[in-house]
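Count along the sequence shown from 1, then add 4; that gives the number in the numbering used here.
All C-beta atoms, glycine included, are put in the ideal place defined by N, C-alpha and C.
These figures come from a predicted structure and were not determined experimentally.
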Amino acid sequence: MPFEPNTLFPGLLSESAARVAQDAANHSDVHPAAALICEMGWNAVLVPEAQGGAGGDFQDLAAIIEGLATHAVNLPVVTRCGVIPAILNALPKQPSVQTLQTGIAEGVYIVESGGPLHPGDPTPPLSASRGKQGWQLSGTTTGIELTDDCTHVLLIGRDAIDDKAILISVATERLTCSKTIYRTMDDRQIAIFHLDEFPVRDDDILATGLAAVQSIHAGWRIAAAATATDSVCSMGSALSRTISYLLERKQFGHALADFQALRHDVARLYVTYELCRSLLQATLRTLEQSQADGDDTSALDLLGLYIGQEAIRFAETVIQLHGGMGMTLEMPAAQLATRLLANALRYGDPLTYQQKINRLQCGGHTSFSHAVNAQVSRGD
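Here's what the structure looks like:
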């Protein structure tokens, strides 16, 4: 029988994002212009009301992500609407930060992230050194989804002398250094900048030391939770489309859904989706509390590890059920499957999470699967 996943984050934001996604799907455009983010006002969702924003929370961001995931529409919502506001919100109040926040809320500033948000990122922070002319940055940025409307990039450096973190805001017009441009597996255009003694002004520096570390960690928390949300919502949409395909497609005079082996595969997909959805909801219930006490790393590591691993298996099964090598990239299910694979490597891959998860106190010989089930049951 047909399957439609329940909306995890219902509300006006989810409905408006779903309509945008539906319109993009009708025009066969899963890459609408990034300017649409400001047109819809999504850029202001997490910006405090004092700076002209909506003062929303993660549930509001998740509603937008869910709506877009229904049709695998690619927009840099996670970074521009989630990661960047979260980083700025965690910084001490100062004119430079508040100016950025106000500009983001008004749509005047479009800010992207250009630095590693977690220790396991293969790209290290930029090397920062202070000379007679001021601070200079050398090294390579992380991949930046740099569109024409982007005005600023947040860079993360580390003092070459005392190893302190440095958070820097740079106008994109000043980034005239060499860069590498490529497209990801889900067809996003990414730019990597190669800096060589790039000059930094004193008013570019937003924070140093502990304040910078805490703000970067706040951005990572949102990135990890948002990516997991996108994966779970993509799973639900992919499962719905897979069941519809098997009910409609016929072979040897029978619908594919009549074949027992395929029904078993679908059943496994459903179980995976439900477990991932439950784990996501259980983790998000404690996100605000864990942000307050600063100790949410284990829960988000567990979420990222489990959903990342399952997303890869889920995508492979969806592709196989749609015909394997005969499946075309234009099919919505293929786009959703590719999205799942890309998400599994975004803001921490399963191996990185596996290394970090050792800090999770499972007790004795408790298996990883039991730890997942225990967290879902407890609502941790």
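- Under DSSP, residue 130 takes part in a beta bridge, and its partners are 161.
- When C-beta atoms of the region 219-238 are compared with those of the region 81-88, three or more pairs fall below 8 Å, so the two segments count as touching.
- Burial is judged here by how many other beta carbons sit within 10 angstroms of a residue's own beta carbon; residue 104 has at least 16 and is buried.
- Residue 189 sits away from residue 344, with the two beta carbons spaced by 8 Å or more.
- Scanning its chain for C-beta atoms nearer than 8 Å, with the 5 sequence neighbours on each side dropped, one finds around residue 8 the residues 244, in chain order.
- For residue 95, the secondary structure class from DSSP, reduced to helix, strand or coil, is coil.
- In terms of Cβ geometry, residue 266 and residue 325 form a close pair [threshold 8 Å].
- In terms of Cβ geometry, residue 287 and residue 307 form a close pair [threshold 8 Å].
- Judged by their CB atoms, residue 38 and residue 71 are not nearer to each other than the 8 Å cut-off.
- The beta carbon of residue 64 lies closer than 6 Å to those of 17, 49 in the same chain, with the five residues before and after it left out.
- DSSP places residue 204 outside any alpha helix (DSSP H); the residue lies instead in the beta strand (DSSP E), whose first and last residues are 193-204.
- Spanning the alpha carbons of residue 319 and residue 303 requires a straight line of approximately 24 Å.
- Judged by beta-carbon spacing, residue 248 lies beyond the 8 Å limit of residue 74, meaning their Cβ atoms are not closer than that value.
- Nearest neighbour of residue 150 by Cα position, chosen from 114, 58, 339, 123, turns out to be 114.
- Residue nearest to residue 340 within the set 355, 322, 352, 356 is 322 (criterion: CA-CA distance).
- In the three-state reduction of the DSSP assignment, residue 274 falls in the helix class.
- By the Cβ rule, the region 151-168 counts as touching the region 129-139, because three or more pairs are nearer than 8 Å.
- Minimum Cα-Cα distance from residue 46 among the listed residues 108, 205, 138 corresponds to 108.
- Residue 110 holds the alpha-carbon nearest to the alpha-carbon of residue 56 among 170, 76, 110.
- According to DSSP, residue pairing for residue 174 in a beta bridge involves 157.
- In the structure shown, residue 324 adopts helical secondary structure according to DSSP, grouped into three states.
- A distance below 8 Å separates the beta carbons of residue 231 and residue 351.
- Within the same chain, and ignoring the five residues on either side of residue 346 in sequence, the residues whose Cβ sits closer than 7 Å to its Cβ are 188, 189, 190.
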